[in-house]
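Per this note's numbering, the very first residue in the sequence shown carries number 335; after that it's consecutive. All C-beta atoms in this analysis are idealised placements derived from N, C-alpha and C, irrespective of residue type, glycine included. If you're wondering where the values come from, they're calculated on a predicted model, not measured in any experiment. Here is the structure we will look at.
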Amino acid sequence: MFQKETVSEEELVNQKMAELNMNEVDVYPMFEDCDENQPKQIQKQCFEGEIAAFYAGILSQQQFVVEDDINDTVYVYFLIDKTGIISLQKIEKSALIAQALPQLDSLLQKKTDSIPTIFPAQKQGIKVASKFVLPIIVNSEYK
């Protein structure tokens, strides 16, 4: 005779949760110009390109005066919550950049508040929070 193996609802939920990769999303956060019907890699490139262009535009409008040549990278950590609100979590920079550009943190924080609307990431059709790191290359010459 056949025996039917029964699995509890809790075991099914635990099994399903183990299968989910919570470090990946199904749909990346998107700006209005990005297309959610594109493959995931294209969505990611669109989002990263839009956010990089936003900050590049802001930084290019600034007149920074430095006393040393700088060739370094600043890492800006963001959180986009499940409603699409972006917040700057942390800025990682060298002591040289901290000394040469003391106003950089406040500028990035202020401009983050004016970023265009972002549609949040999704996992299995549910809006979820996501974290991103934006590297900003600082390259200047003292004249």
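Item                                                                                                           : Value
Short Cβ contact (8 Å threshold) for residue 429 with residue 402                                              : no
Three-state class that DSSP yields for residue 419 in the structure shown                                      : coil
Backbone secondary structure at residue 426 - three-state DSSP                                                 : strand
Residue burial classification, residue 398 (beta-carbon count within 10 angstroms, cutoff 16)                  : exposed
Touching by the beta-carbon criterion (3+ pairs, under 8 Å), the stretch 444 to 453 and the stretch 384 to 392 : yes
Environment of residue 467 [buried if 16+ CB atoms lie within 10 Å]                                            : exposed
Pairwise C-alpha distance: residue 365 and residue 420                                                         : 12 Å
Three-state secondary structure assigned by DSSP to residue 375                                                : helix
Where residue 413 falls: helix, strand or coil (DSSP)                                                          : strand
Rounded separation between residue 408 and residue 458 - CA only                                               : 33 Å
Residue 423 beta carbon less than 8 Å from that of residue 413                                                 : yes
Residue from 391, 440, 369 whose Cα sits closest to the Cα of residue 381                                      : 369
Proximity winner among 416, 427, 406, 393, relative to residue 446 (alpha-carbon distances)                    : 393
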